[in-house]
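Reading through the structure tokens given below for one structure.
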Amino acid sequence: MTAPGRRSSTFTRLLRHGFIDPSAAERLLDSAELMPVRNDPVLLDALGATADPDLALHGLVRLLEAQPGPTARRELLDTLIAAKPLRDRLLGVLGASAALADHLSRHPRDWEALVTYEPRDLHPGVEEFERGLAEATDPVSLRVAYRRCLLSIAARDVCGTTDVAETAAELADLATATLRAALAIARTAAPDDAALCRLAVIAMGKCGGHELNYVSDVDVIFVGEAVDGADEGKALRSATRLASHMMRICSETTVEGSIWPVDANLRPEGRNGPLVRTLSSHLAYYQRWAKTWEFQALLKARPVAGDIELGEEYVTALEPLVWKAAERENFVVDVQKMRRRVVENIPAAEIDRQLKLGPGGLRDVEFAVQLLQLVHGRVDASLRSGTTLDALQALAHGGYIGRADASQLDEAYRFLRSMEHRIQLFRLRRTHLVPEDEADQRRIGRSLGLRVDPVAELNREWKRHAGVVRRLHEKLFYRPLLDAVAQLAPGEARLSPEAARERLVALGYGDPAAALRHLEALASGVTRKAAIQRTLLPVLLGWFADSADPDAGLLNFRKVSDALGKTPWYLRLLRDEGAAAENLARVLSAGRLAPDLLMRAPEAVALLGDGDGGGLEPRGRAHLEQEILAAVGRAENAQQAVTAARGVRRRELFRTAAADIVGSYGTETQPAEADQGALVERVGGAVSDLTAATLAGTLRAVVREGWGDRLPTRFAVIGMGRFGGHELGYGSDADVLFVHEPWEGVDEREASEAANKVVSEMRRLLQIPSADPPLLIDADLRPEGKSGPLVRTLNSYEAYYRRWSLVWESQALLRAEQVAGDEDLGGRFIELIAPLRYPAEGLGDDAVREIRRLKARMESERLPRGADPKLHTKLGPGGLSDVEWTVQLLQLQHGWAEPGLRTTRTREALAAARAAELISGEDAAILDEAWVLATRVRNAVMLVRGRAGDTFPSGGRELAAVGRYLGYADGHVGDMLDAYRRTTRRARAVVEALFYGA
64 MTAPGRRSST FTRLLRHGFI DPSAAERLLD SAELMPVRND PVLLDALGAT ADPDLALHGL
124 VRLLEAQPGP TARRELLDTL IAAKPLRDRL LGVLGASAAL ADHLSRHPRD WEALVTYEPR
184 DLHPGVEEFE RGLAEATDPV SLRVAYRRCL LSIAARDVCG TTDVAETAAE LADLATATLR
244 AALAIARTAA PDDAALCRLA VIAMGKCGGH ELNYVSDVDV IFVGEAVDGA DEGKALRSAT
304 RLASHMMRIC SETTVEGSIW PVDANLRPEG RNGPLVRTLS SHLAYYQRWA KTWEFQALLK
364 ARPVAGDIEL GEEYVTALEP LVWKAAEREN FVVDVQKMRR RVVENIPAAE IDRQLKLGPG
424 GLRDVEFAVQ LLQLVHGRVD ASLRSGTTLD ALQALAHGGY IGRADASQLD EAYRFLRSME
484 HRIQLFRLRR THLVPEDEAD QRRIGRSLGL RVDPVAELNR EWKRHAGVVR RLHEKLFYRP
544 LLDAVAQLAP GEARLSPEAA RERLVALGYG DPAAALRHLE ALASGVTRKA AIQRTLLPVL
604 LGWFADSADP DAGLLNFRKV SDALGKTPWY LRLLRDEGAA AENLARVLSA GRLAPDLLMR
664 APEAVALLGD GDGGGLEPRG RAHLEQEILA AVGRAENAQQ AVTAARGVRR RELFRTAAAD
724 IVGSYGTETQ PAEADQGALV ERVGGAVSDL TAATLAGTLR AVVREGWGDR LPTRFAVIGM
784 GRFGGHELGY GSDADVLFVH EPWEGVDERE ASEAANKVVS EMRRLLQIPS ADPPLLIDAD
844 LRPEGKSGPL VRTLNSYEAY YRRWSLVWES QALLRAEQVA GDEDLGGRFI ELIAPLRYPA
904 EGLGDDAVRE IRRLKARMES ERLPRGADPK LHTKLGPGGL SDVEWTVQLL QLQHGWAEPG
964 LRTTRTREAL AAARAAELIS GEDAAILDEA WVLATRVRNA VMLVRGRAGD TFPSGGRELA
1024 AVGRYLGYAD GHVGDMLDAY RRTTRRARAV VEALFYGA
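When we follow our numbering, the leftmost residue of the sequence shown carries the number 64, and every step to the right adds one.
The following block contains the structure:
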């Protein structure tokens, strides 16, 4: 007897053998059923070798209790102790699957299915499983027989007799036999239906690919034909009834549970389509209507039940269409988009536990392999396997992927599938989530041979393999393109030039020959630079392919690399800074403007990194002005000073454009900015601040060179239009007014000449041809327009406005804001014009009519000939002009009474009008959406074409690039134009009501 407080020797032995609850295990071992063998070391050793010794012992006791009598119980115990194969199989299953333990307790003689241990039992196929199911005559007996067969598969699996691929194949073979048995039961129940039709069952998904899970939907497609002489309509109805009955036999829950759901949703038209179609109907659908993913699904199509000859005809008829899928427009983009959509639909709480669908999961491997099969299987029949691991091996053998990559993916896929099998086997439930409970993780880890610290080892191995998949699954498609142009190790297979060309065409490259030349120039050789490029390019190629112009992206990358390749920090930045490489790829392939700015000073690549010296956040006006004025102070003359200021402007324009592109496209770690208005305001504010700082620096340079420390007159620059409204775009001119005021004692003529000379020299210096983009100064909004003097004194402005001012000038002055020069003078100018832009008691009726007349004339006279008015962002209905004139009319009428309206910014004024209930919330939202969209289109056109424009581009690639910037995937340009017309049409209706009073 054990002394109080001391543990028994059995308790200690049980702990040593891996039991979590030795006290409960002792009680079970002391039960009457196990008394004959409780001290047998063979039993304890065998239990300790299982995934969960506690679970195995509990299941064994239940099985013994369920035996029909003492004789049967003794027979089981004797066989268990004497026969090691049975002991390992039975206890292995009981320690891994509570569900199969439940089955054994309900059917206590089924343990005998594990006794036989002959070579033919090691790897059974469809015929062996059909024999195992032969006696099933109804859904209940079919379930019992199915579980008995499943018991033997699980036993071979947990004992290591079969590996994960063989287990998956056996599960698919058992599913095939089960579908045949279920169809036979359905036929027996409806002989008249069976006599009228031929029905073929085509396995899809993992069953079709011969790689099924323990618990998975079995995806099928049905093909039906009438027997000779039968009416086709009646035959199809009969086939549909048979198919439906077969599905219910497998799927419905009985006293013995269900087998698995049979899912026919991969059929043409999915749930909305007929369950059974004729072969000709299937063919017509796939020839005309099928989407890319449907051809991807057909990779795994395999006839398994019913009329096999008809099933083979189905596969033969559709096979040519499957291998032409890669020729479809946007093929690669569609496949990758489908994968991203799957990830996006995973609940946030599950994504870190998703073994199948999450990043680095099983689906990543499967999608990558299928993508390569569809591209290269057209000309290489050896790749046409529905089984993922077989296809992976064939791709490596053919040189379509690197052997090292294939080996790592094979290992990772096997480990992840093994985890999935063990998770599902426990309860025989369909799940792909790694359990959070430590006991569950311990059981899974031990079942995979991780015995020292099962939980920690399991998580470490899982994360390691998922990391491998995450790192390789996209590179898998691109890395061999480099091998095609690089020197490989002896014996290493490579892509042929034709295969490389096919892959580049599938990716969307219009000139694959040029792309291969760029890759060769970048990645060939044995230098460290080439080695780093070979590491970077597989990922970059994928990002380029995700743009509207992959060719431009690759060409621009080569240009930047040629310019910076010898600098020590460039490739290190791309390799080591998490965001830099992807940001660069997005920027280089999004259009002409940002790459053009970058090519003029490639060192600006540093802005794209994560480090402290980079970053894409816009700098404020004070910071920019400080930097530009410091550069001006160091320059030897005005031209050199303005050149320095324009260099800062070029760099900051690139920063702004790059941030806009990255924010619009999104990255792998950061989704695209959802708030389109925020993107517009960021660009408008950054470009306006930059323009103001550039003007301030230019003014300082000109004054210093011509007059030293002080100009003979005070001088201020007033921003107008979009400049004053902080809404400048990339291609906007700087609308300004110039005002001066002679210092006391200075002759007015001398002051005027100095002010005019300053303006003339500022305009000249900012437009001198150079590597930097010019800054055009437009002063046409001044009094008397182009006929009036460029610069006026404050008194002259006051006299003009008092005597001659027209209503359109009051409207223009709504946007006036001091931007450079003498702040006091600028402030007094703003005070001067306040009564004009916010007239007391608002506008009179005549003034309102005049504004409406001017607007109507502008619409009819200024629209370019041949332009589609509905797509003109500035002058078209519902465009920028419509929204801005409507808002400005409200400001002129109510600004005197509503302080919130006294702003130069369109969106701010619109929000203030809504707050003051001058416009409904719905109408304000409609106008705001239209204004933001039109502004985004203008910005997109400048980014894509490198020159300003108010209409959508006509070229296909440029139009697609505008679409990508606006968030539309390839192939959805029509949706973008429809959305623009719809948005501006709604805005025009609001303008008609509010502005024209219609």
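Every residue gets a Cβ at the ideal spot worked out from N, C-alpha and C, and that includes glycine. All values derive from a computational prediction rather than experimental measurement.
Per-residue DSSP class, three states only, for residue i
| i | result |
| --- | --- |
| C222 | coil |
| F74 | helix |
| E288 | strand |
| R965 | coil |
| T341 | coil |
| E861 | helix |
| R261 | strand |
| R441 | coil |
| I893 | helix |
| H528 | helix |
| H170 | coil |
| R493 | coil |
| P775 | coil |
| R505 | helix |
| L362 | coil |
| G369 | strand |
| G710 | helix |
Presumed contact (8 Å Cβ cut-off) between residue i and residue j, rounded CB distance
| i | j | result |
| --- | --- | --- |
| H495 | L420 | 7 Å |
| L637 | L582 | About 16 Å; that fails the 8 Å criterion. |
| V1036 | A1024 | With a Cβ gap of about 10 Å, V1036 and A1024 do not count as contacting. |
| L13 | Y1043 | Only positions 64 to 1061 of the chain appear in this structure, which leaves residue 13 out of reach. |
| R745 | P681 | 6 Å |
| R786 | V802 | Per the sequence shown, residue 786 should be read as Phe rather than Arg. Contact doesn't hold; Cβ gap of about 15 Å is too wide. |
Straight-line Cα distance separating residue j from residue i
| i | j | result |
| --- | --- | --- |
| G958 | A910 | 15 Å |
| A66 | C270 | Residue placement at A66 cannot be trusted, given a pLDDT of 48 that sits under 50; what the coordinates show is reported in the next sentence. Using only the alpha carbons, I get a separation of about 59 Å. |
| L687 | W871 | 34 Å |
| H528 | L513 | 15 Å |
| L437 | L346 | 19 Å |
| D282 | I265 | 8 Å |
| S587 | A834 | 32 Å |
| E699 | T757 | 18 Å |
| I893 | A879 | 7 Å |
| R533 | R426 | 11 Å |
| L452 | A388 | 22 Å |
| E376 | T355 | 22 Å |
| A364 | E357 | 11 Å |
Residue i and residue j closer than 7 Å at C-beta
| i | j | result |
| --- | --- | --- |
| V750 | M825 | no |
| M310 | A249 | no |
| R777 | L888 | yes |
| A657 | V650 | yes |
| G374 | P366 | yes |
| R480 | V156 | no |
| R493 | V325 | no |
| V711 | I691 | yes |
| V339 | A293 | no |
| I409 | Q399 | no |
Any non-hydrogen atom of the ligand HEM closer than 6 Å to residue i Cβ
| i | result |
| --- | --- |
| M662 | The ligand HEM is absent from the structure shown, which contains no ligands of any kind. |
Buried versus exposed, by CB contacts within 10 Å (16 or more), residue i
| i | result |
| --- | --- |
| I896 | buried |
| Q689 | exposed |
| E715 | buried |
| W352 | exposed |
| V105 | exposed |
| A704 | buried |
| A467 | exposed |
| V178 | exposed |
| V497 | buried |
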